[in-house]
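Numbering (the UniProt record's numbering), first residue to last: 1 to 600.
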């Protein structure tokens, strides 16, 4: 009899086989700071811009002990100082080592930084304070300096204590000063991507980064490949931190508001000023940035010349260059064309533009060949499905904040009625439809959003389902019969799309029953929205919107038929005067197969 089991080394059992087949789940572990020696070792790599070696070294320190950690006995993970984590977040998207990289070794360094940050996200407790300090926009250096000053004894106090002749006090103060200097040394990195060219220092705030990244999803596809990775990573950090704090807030005697306000998401929301309608609307504008002229002015590029193609290097035979082999077997130039140059391929006469101002025409239009302003595809107008999914995750996070902190932030109804509506209702109809159909909001949040978006489009007073409970009579007596308050297909298309979404949300929660009154309301609303009198504006857009109104009406009838069939009712056919789209119902017969597909 041959032994069986894993690699033939252990006996098999049903329980063991089940365990082996289970997917491995990340096990968060407590973080432990690096020792001074280890931190300076990694610092030497990073300041020399040996990013592949430096972040691989940090990755090894972080993941050591993962395989033997258990929930009952988790081994502490060695976590880099906040400054080194902040540098990793910059290197992931820094043009010099990504889209402007002149060697494969530099790209490997950026990928190593991404791999290290991914490992942090799956290894460390998401609420660890080091992460919040590492990902702080524009404040990390100042705040850290203040912290060091606070723990460093002043010269005057040291002198006064020295006059007392207390040896113990002198030794204690000397030790405190040494510890402060060591901590300060570990947190300070002397390189451009860690200081003036740091992502966290270049950006006005977090939402500036978000807006520019989504502009790239439409206008600068090459840069988007890096920004997409960065946004996905940051959303993983934000979502994990927020969900962990919700669990903490649900514990007994927990200070719910304070726990949620300690989150990284709340830090980004309040980074510039106290929350207001203006600041909240700017967040939504950043999330839905589509490289329009206004969006490119408001959310400018982070680094000067970021989207320009790299210039070919010019040989300089007169200037000696010291070359050494790095960890990637590439030759690193230490004499000229150092990658610490601001942006070696940018125009020398292009000044650094503050956020909110337009760039020079050459910079802002360098990659306009890929822009999708005139695209008929709403998906391309939003930057593709990856960008759409990331946008929806951000919108869902904002909605979650309004649910958890209605007094400190704003309540869901006000968020949807003001900030969301201010942006959504001005979107092209196709984009509007796509955002509704790809939402990540819960059924409650989605129906609340739909009712608040519906309110400015119609004349009737629509219930606010952020506070009111939706009931069947609302939809039979009013909602499904609504038409736009302006005679245009564009407005009526948005009304119909919102009603369609509300119908699905009500069906999903089993809150809608098939009745004759419901069918009457749905059919009356479809006819009303298709009847447009008066002069039509913007004919091309109106024609496209008319098709959307018709298609949405067909889908509403299809949903109604599903509801009726589920209730055991016989489907009813709605006869129209001039059907422009084919109708299908459960009692339609199928056509015969083509003769060439028939069996001989």
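The C-beta atom is built at its ideal place from N, Cα and C for all residues, glycine as well.
DSSP-derived helix/strand/coil call for residue i
i, result
"residue 29", "strand"
"residue 395", "helix"
"residue 124", "strand"
"residue 88", "helix"
"residue 411", "coil"
"residue 386", "helix"
"residue 379", "helix"
"residue 464", "coil"
"residue 137", "coil"
"residue 457", "helix"
"residue 297", "helix"
"residue 306", "coil"
"residue 401", "helix"
"residue 71", "coil"
"residue 94", "coil"
"residue 501", "helix"
"residue 193", "helix"
"residue 450", "helix"
"residue 533", "coil"
"residue 344", "Bear in mind that a pLDDT of 47 at residue 344, under 50, signals an unreliable position, so the model cannot answer this."
Beta strand (DSSP E) segment containing residue i, residue limits
i, result
"residue 77", "77 to 79"
Where residue i falls, given that 16 or more other Cβ within 10 Å makes a residue buried
i, result
"residue 215", "buried"
"residue 36", "exposed"
"residue 437", "exposed"
"residue 523", "buried"
"residue 568", "exposed"
"residue 136", "buried"
"residue 43", "buried"
"residue 254", "exposed"
"residue 285", "buried"
"residue 32", "exposed"
"residue 202", "buried"
"residue 190", "exposed"
"residue 424", "buried"
"residue 104", "exposed"
"residue 144", "Low per-residue confidence applies at residue 144: pLDDT is 42, beneath 50, and the placement is therefore not dependable, though the value from the model is reported in the following sentence. Per the 10 Å Cβ criterion, buried."
"residue 205", "buried"
Alpha helix (DSSP H) segment containing residue i, residue limits
i, result
"residue 132", "129 to 134"
"residue 52", "51 to 63"
"residue 540", "539 to 566"
"residue 473", "472 to 477"
"residue 442", "Element bounds for residue 442: n/a, residue is neither H nor E."
"residue 38", "36 to 47"
"residue 237", "221 to 249"
"residue 520", "516 to 530"
"residue 569", "No alpha helix (DSSP H) holds residue 569; DSSP gives it neither H nor E."
"residue 612", "This structure does not reach residue 612, given that the chain is present from 1 up to 600, and the question cannot be answered."
"residue 262", "Looking at the DSSP string, residue 262 is not in any alpha helix (DSSP H), and its letter there is neither H nor E."
"residue 281", "277 to 287"
"residue 512", "Looking at the DSSP string, residue 512 is not in any alpha helix (DSSP H), and its letter there is neither H nor E."
"residue 429", "429 to 437"
"residue 201", "199 to 202"
CB-CB length for residue i against residue j, believed under 8 Å
i, j, result
"residue 383", "residue 276", "Actually they do not touch by this definition, with Cβ atoms about 28 Å apart."
"residue 106", "residue 97", "4 Å"
"residue 417", "residue 455", "7 Å"
"residue 30", "residue 125", "6 Å"
"residue 571", "residue 533", "No, residue 571 and residue 533 are not in contact; Cβ-Cβ is about 32 Å, not under 8 Å."
"residue 88", "residue 131", "That pair is no contact at about 11 Å."
"residue 230", "residue 213", "7 Å"
"residue 245", "residue 127", "6 Å"
Beta-carbon proximity list for residue i, same chain, < 6 Å, skipping 5 on both sides
i, result
"residue 134", "82, 85 and 86"
"residue 261", "none"
"residue 465", "447, 448 and 451"
"residue 61", "78"
"residue 211", "286, 289 and 299"
Proximal residues to residue i (C-beta, below 8 Å), its chain only, five neighbours per side dropped
i, result
"residue 559", "500, 503, 504 and 507"
"residue 378", "428, 430, 431, 433 and 434"
Proximal residues to residue i (C-beta, below 7 Å), its chain only, five neighbours per side dropped
i, result
"residue 242", "263, 265, 397 and 400"
"residue 56", "112"
"residue 491", "457 and 484"
"residue 225", "none"
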